[in-house]
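Heads up, the thing below is written out as C-alpha cells.
Protein chains in written order, with the numbering used here: chain A, 59 to 1095; chain B, 657 to 1135.
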C-alpha cells in the first residue's frame, strides 16, 4: 500500500494545484521552466506549489543534473530539509518572494485544557528504568506531557534518589531521532496487526510451538516472565533464550544475588569489582551511597582495598590498589582464601612478587582484624570461581548476615545460563530446527560471541522477527522489524536490586507506535489485544493487599511496592568452589573485555550525551581503545593513538592505543559496544567492534596477539595526563614518572588537598594551612564589596571524599541545561560543552597511581575575574551572589574564558545546538535557553531551579527551606557528594559542610572568593602498607 | 640647530664631510643637487604618469587575489562561526588577537615618525613620513578588522560602542576591551585626519600639474581649494602642529591600552606591570621594521634614493636598535620576575614558555627579536646594506608576531588549573585570514603609491638648499 502511494499522491496534488506538470514530464527541468511553472502563483499557493514541484520526478532529475553531488542528500530526510532551504533561496532568486506562515494543517488550541496541565508547571511521575542488574526507580519530570528529566526516586528505600549516567540519559534515548518508526516487513511498512495476525497464525499452526524460538535480552519484568510462562504452557515446545553480552557468564545471571551492607564494613576488598563507580555493578546505587557515607566523617572512615585488572575509579579511590592481570585475580583470591582459613581451596601455583605477597599479608591481617566488619566483593566480569571464593572468604570471616547478605532470588525472574542458551540456539539454527526466531530487544548479530558464527546461523531461520528500538545490525537482516517502545512509552514492571518492585509507568504515548515485548507475548495468549497495562495489573492484582485500585494507585504514586524486597539469608548457601583457573603465562598478551562505562554493551551507542562523556580514568570520549600500561606501550614500540591489530579467538580488529594509568603490564583492556554499523547518526562508525574477538568460552578475558599497523586513529581525550618534565623546574628524580598535571595540582598549586587520618589528627587544619592556601582579605579589591547579608547567598560544598567519579552529574547537567553534543572532532580540539566536568589527578608513578576526583563547575566567584573583563556586561552578578550569563547580551569576545582561572566557561564556537531535529525539541528543558553560536555559557547553579523555588516560596509567603533547591548535579549524585544551599542560613547543610575545617576554596589566593568549597581528602591507609609519606616538598621555585 | 652647529663649522674637515651640507654644515637629509623642481617632478610624476609600471600591475594582481582569499575566509567565518579557527578552551584567543596586536603595533611607527619626530624637528622624517602614515592607516584598518571578526557574534560588535539604546544598556567600562574600542577608534580617526591634512598642499600641486580631466577633478576635490597663500600655510602649519600634539600621546597610549588587555587579566604571563612600556617599545620596533620593509623596495623601484637616502635607513636601524633593547629588557624582566616574585604561577608559566611543548615559539622569538637584530644593528656597514636591512626587517616583523603568539597562546594553554591544560594548532582559515590581511595591506598600499604622493613634496622641498632662506649670509666663524 505504501509502494506507489507517494507517487500517486504527488500526481494528484499536481493536478489539484493546476500546475501543468505534463508539459515537462520526463525531462529534467531547467530553472527557466521552474520559473515559468511558478509564475503568477503567490502566497500560500506558491509555497504549496514549490513543494509539489519539488516532489516531481522531473524536478528531482533537474536537481540531480544540476547538483549531482547533493542528489544523494535528497534521499536523506535531514539533509533534504537543509537542501530545500537552499533551493528555496534559489527559487526566491528566481523571482519569488518569501514569507512565513502557520502550517497548512489545521491546528487547534486547547478549548478545555487537561485538568492537570498548567503550562510551565512540570509534573512528576514515578517510574523505573529497567536494567539488567536491577531497575533504577525514577522520578520523571514531565513538562506539557513530555518527559524531560530523569532522576532517582528520593523516597525509594533502596536507591534513595541517586541515579547514574544511563538513567539520566534515558530521555535522550527516548527522543533519539534515529529510532525506528514503522513496523516493517522486508523493508516495507506494515501495520502491527498484520504482524500479529501472521505471528499468531503461524504459532497456532505449529500446535505446540515447535520451531518457535525467542531470543530476548535478559528478562527483568515479572509480568513478562509471567507472560512467557503462559506462552510456554500453551506452546510447550517454544523456547526462550536470554542473552545479554555483558551479563552472560556472570554469576549474577545465574541467580547469585548478594547484597552488601557497607555501612558496617570497616574494611572492603574489591576483587575486580567496580562497585562504586560503575552503574552496571549490581546494587551500585546502594553500594556507592553506603561507601560514601563512611567517607564523610574522617574519624569513622572505612578502608578500601582494590585488586583489579582494569583501572577503574573504584580502584583509583582505594587506599591500597593492587593491579593484577585478570587471569591472576582468581588465583590471588584463592591465596587469600587459604590465608583466611577457607578449607578445600586448591590455589593454582603462581609466582607472586614480593610486593604482591606483602599486599596479601597486610590484607589478610587487616581482614582478620575486622572479621565481621569487612566485606569482600567479587567482580562480575570474572571467572565464576571468584564469586564462590569471595563468598567463602566472607563466610570464613563471619561477614554473612552482617555486611554480606546472600539472597535466594534475583531480579531475573527466569535465571538461565545465557552462554549455554545462545550456544544451543545456534545449534538449533544450524540444524534447521528454528522456524521463527523472535528477537526481543537484543542485537545478537552484533553482540553474539564470535566463535558461534551467529550471523551465518541466523540465516537458517525461516522468519526472523526483530523487536528493537533501532533498525540495528539485527534489524537489518530481520524479515519483520517492530519498533520497540521505550520504557518511558510503555507499561511494564521491574525490580530494584534488592527486589523492591516498581511499576514502569509510561510518561508519553509511543512516539512512533512502538510495541513492547509484553505485546509480542500477549499476541500468543488468550486475549491478544490485551495491552501491557492490563497485563502488568494482572500480575500485581494478587500481590497488592487490600483494595486493589487504591493499592495500585499508591504503587504508581510512590514508585514502588512496599514490602516486595527479597528476603536475605544469614548463612551462606553451601556451594562448591569451581576449579580455579591457572593464570595465563606472563609472556602472553591478555585481552580483557569490559562493557563500556558509557554505552554499556552498545545499546546506548546513539546517545550523544553518553558518547561524549569522558570515560573514567582515561577521559576518552567517542571511541573505545586498546587500553594498556605505559610500559607495555613502550615495549611494543607504540605511541598513543597508533593503530594496532588485536587478534584473538580467530578474529581480528583494528584498534587505537591509549595508556590507562595503572593498567597491569602485558594486558590490554577493550570496551565492548563500539564499532556499530547501524547504530544511528551518532553511534555508527565510532570505535571498533570488540565482539569480533570475544568468544563464548572466555567472555571476560582471553589471550591474543597485538601488531602495529600504519596510521593514526584520531582519538578524542578530554584531558591528558601529561608527562613533560622539561616544562617543570620542580621535577625531581622521584617524580619523573608522574603526571606533570598532578605534580602541579597536588603540590605547589594546592588544587587537591589531602592527608592521611594520622596527618589529619596531627593537624586538623591542614587543608587551610600552607603556601598557596592563604585566604585573601575582603579589603583586597579595588571595587567595593557587595554585602550579601540581606538576601539569600547561594553556595555549594563538594565532598571529594565521597565523589567516585561515576559521571551521573555530568549527564544530569546535560539534560537539565540543554547542553549540546559537539561531536568527536570538536572534543578533540577542546570544545566539549560540559558545564560540569570531573577533573582527575593521578598521584604517584603513572604505572600505579592513585587518583583524586574533583567535580569542577563554575565556582560562582564573588569577585569574579570574568565579570570585570566582559566589555558588554554579559556576565554579571546577582544580589544573591550568582555569576550569571546573559546569553542575549553576549557578543562572544571569550575574554571571560581566558580570565577564568577554573576554565569552566564553555563557548559555542560553532552552531552546536540542534535547532532542526524535531524529536529533540521535545526534550529540551523549557526553563533553559538553547544557546546559539557565538555565545559563552557555563554553570549557573541551576538558576532556573532557584527561581522556581523562590516563586513558590513567595507565593506561600515564606523563606526558602534548606534543601528545597537541589541542583541537577546534586540530585543525580548517588554518593551525595554535592550539597547546595543558602550560606546565609547558619543551620543549612551547606554551611555546616563549608565550615568544616577540611573545607577549602580553590585558588583562594587569587582573591576570586569562590562560592563553591571543596572538602579535602582524608585517606585511611593501612600502616603496614603505607608507602612513602605522601608529603610533597614545598615548591618555592 | 643651526646655532648649535656653529662652533663645529670652524673646522674645515667637518665641512668636507660628504654627509654634511657645505653651506649649512648640517647633516644632509636628502642627496645633494635637489631643487624644488626636481623634487616636485620626481614625486608628482609617479602619480600623474599615464603609464602605470607593469610591475605595479603584477603586484596588484597578486595582492588582489589575496584579498579575494580573505573575502572567502571571512565569508566562511560569518557563515560558520569562529569555530573554523583553532581557538578552543583554554586558548580562547588565537590568531585574530595576535594579528590585531601585531598590526596595531606596526601602525605605531608611522605616528611616531609623523608626530613625535615633527615635534622634535627631526627633518629626516620629512621624506618618509607620508608613506609611514599611510602604513599606519592601512595597518590600523587590518588591525581593526580582527576585533570585529573574532567575536562570536560579529553582527553585534557595535554593542561595544556607548550607544544610547532605549534599554539604557551601556558597555561595561571596566573591561580593557572597552578601552580598546576607544583607543583604536581614536587612533584611527586622528591618523586619518593627520594624514589627509598633511597631503592637502601636495594635492594642490597635483591638481595644478594634472593633465587629465579626471585627475584635475580628483585632486581638485581633495585639495579643498588650496592656493598656497601665506594664510593657508600658516593655518596648515598650526593644524599640523596641533594634530601632531594630539597624535603624540597616542603613540604611547594606544599600545598601552592594548597591553591592558593582558595586563589587567589575571592569567599568569599576562598579569605584568611591565607590559605597557614593553608593548609600546615592541610596537615601535615592529613599526620601524615595517617601514623598512616598505621603504627599501619603494626607493629602489621608484628610484627615490635621492629622497629616501641611506641615512634614513641608517637612522631607522638605530631606532630599531634602541627599541629592540627595551623589548629585550622586557623579556629579561619577565624571566627575572618569574624567579624574583617567588610566585609559583609566574614561574611555571615562564618555564613552560621556554621549555614546555611550545618552546619552539619562544626560542624563535628570541632569535628573531634579540639574537639576530641586536647583534647586527650595531654595525653601520650592515645598516647601510639594503639587502641585509630588508631581510632583517622581515625577521623582526616575524619576531614581533611571534612575541604576541608567545604572550597569548603560551600563557593560556597551561594556566591555573592543570586539568584544563590544552593546546593550540592553527587551522588553514587562521593562516588564510592572516595572509589575507597582509594582502589587503599590500593592496591598499599599492593603490596609495599609485594615486597619492608617497613622499610629501611640500615637506621635502623644505630640505632643499633653496628653502634655506634664513641663514642667507654665509656663516662667519666666531660670530
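Ideal placement from N, C-alpha and C gives every residue a C-beta, glycine not left out.
Close partners of residue 1060 (chain B) in chain A (Cβ separation under 7 Å) are lacking, with about 14 Å as the shortest Cβ gap. Pairing residue 907 (chain B) with residue 874 (chain B), the inter-Cα distance amounts to about 32 Å.
Within the DSSP secondary-structure output, residue 271 (chain A) pairs in a beta bridge with A:297 and A:495. Under the DSSP definition of a beta bridge, residue 1073 (chain A) partners with A:857 and A:1057. Residue 474 (chain A) places its beta carbon 7 Å or farther from that of residue 239 (chain A). Residues of the same chain with a CB within less than 7 Å of the CB of residue 964 (chain B), apart from the 5 flanking positions on each side, are 783, 784, 951 and 955 in chain order. Excluding its 5 nearest sequence neighbours in each direction, residue 882 (chain B) has C-beta neighbours in its own chain below 7 Å: 856, 857, 859, 860 and 888, listed in chain order.
Between residue 579 (chain A) and residue 282 (chain A), the beta carbon gap of about 7 Å places them in contact (Cβ cut-off 8 Å).
Using a Cβ-Cβ cut-off of 7 Å, residue 806 (chain A) is close to 1000 of chain B, given in chain order. When DSSP states are grouped into helix, strand and coil, residue 651 (chain A) belongs to the strand group. Scanning chain B for C-beta atoms nearer than 7 Å to the C-beta of residue 567 (chain A) yields nothing, as the closest lies near 38 Å away. DSSP places residue 863 (chain B) within a helical segment (H, G or I) once states are collapsed to three. Look at the region 912-929 of chain A: the residues with a C-beta under 9 Å from a C-beta of chain B are 912, 914, 923, 925, 926, 927, 928 and 929. Taking C-alpha positions only, residue 499 (chain A) is separated from residue 275 (chain A) by approximately 6 Å. Listed by position along chain A, the residues whose Cβ is nearer than 7 Å to that of residue 922 (chain B) are 923, 957, 959 and 1064.
Scanning A:334, A:615 and A:597 for the CA closest to the CA of residue 285 (chain A) turns up A:597. The alpha helix (DSSP H) runs lying completely inside the region 156-233 of chain A and spanning 4 residues or more are 223-226 and 228-232, given in chain order.
In this structure the region 798-811 of chain A touches the region 898-907 of chain A; the number of beta carbon pairs closer than 8 Å is three or more. Per DSSP, residue 816 (chain A) lies in no beta strand (DSSP E); the unbroken alpha helix (DSSP H) holding it starts and ends at 815-820. Taking a Cβ-Cβ threshold of 8 Å, none of the residues of chain B is close to residue 255 (chain A); the smallest such distance is about 52 Å.
CA-CA distance, residue 706 (chain B) to residue 764 (chain B), rounds to 34 Å.
Contact of residue 777 (chain A) with chain B by beta-carbon distance below 7 Å involves 1075. Only residues of its own chain outside the window of five on either side were considered, and among them 1040 have a CB closer than 6 Å to the CB of residue 966 (chain B), listed in chain order.
Residue 726 (chain A) and residue 685 (chain A) do touch by the CB rule: their CB atoms are close to 7 Å apart, below 8 Å. Among the bridge pairs identified by DSSP, residue 1016 (chain B) is matched with none.
One thing to note: residue 353 (chain A) has its Cβ no nearer than 7 Å to the Cβ of residue 1057 (chain A). In the DSSP assignment, residue 364 (chain A) falls within the unbroken beta strand (DSSP E) covering 361-366. If you check the CB distance, residue 760 (chain A) and residue 638 (chain A) do not come in under 7 Å. In the three-state DSSP reduction, residue 468 (chain A) falls in the coil class, being neither helix nor strand. Under a 10 Å Cβ-count criterion, residue 1018 (chain A) is classified as buried, with 16 or more other Cβ atoms of the shown protein chains found around its own Cβ. In this structure, residue 518 (chain A) lies away from residue 479 (chain A), with their beta-carbon atoms at least 7 Å apart.
Secondary structure remark: continuous alpha helix (DSSP H) runs of at least 4 residues inside the region 1043-1130 of chain B, in chain order: 1084-1107 and 1113-1116. For residue 744 (chain A), the three-state secondary structure derived from DSSP is coil. Interface criterion met: the Cβ of residue 1072 (chain B) is under 7 Å from a Cβ in chain A.
Chain B has no Cβ within less than 7 Å of the Cβ of residue 465 (chain A). Among the residues of chain B, those whose CB is under 9 Å from the CB of residue 966 (chain A) are 737, 739 and 808, following chain order.
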